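Residue numbers (the numbering used here): 1063 to 1155.
Beta carbons are placed, not taken as given, at the ideal position from N, Cα and C, and that holds for glycine.
From a predicted model like this one, the values you see are computed outputs, not experimental measurements.
The structure appears right after this line, and notes come after that.
Structure below.
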């Protein structure tokens, strides 16, 4: 289509490609005709790349000794005496 009539704009007007940075997991847009390595270098040297040092935040766990239950919205309650969030197994202790 674009090549058939030597369109000066061509695919560059509709080309919307991106790569994912392996360091910070951000999307980096590729400019029309740009190499993926050049786009990564532009991203890394431009100050946009901020690595996540600890990875995703750990889910809170039940503070009772020996319990490894993850605390979510539906399986936790707050202790009336101390205010700590605990799992449903230990709510009456």
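In the DSSP assignment, residue 1104 falls within the alpha helix (DSSP H) that extends over 1098 to 1107.
Here residue 1081 has 1089, 1090, 1092, 1098, 1101, 1102 as same chain residues with Cβ atoms under 8 Å from its own Cβ, once five neighbours each way along the sequence are excluded.
According to the DSSP assignment, residue 1081 belongs to the beta strand (DSSP E) that extends over 1079 to 1082. Proximity to residue 1086 across 1113, 1141, 1109 peaks at 1113, based on C-alpha coordinates.
In this chain, the beta strand (DSSP E) harbouring residue 1089 covers 1089 to 1092.
The C-beta distance from residue 1132 to residue 1121 rounds to 5 Å, short enough to fall under 8 Å.
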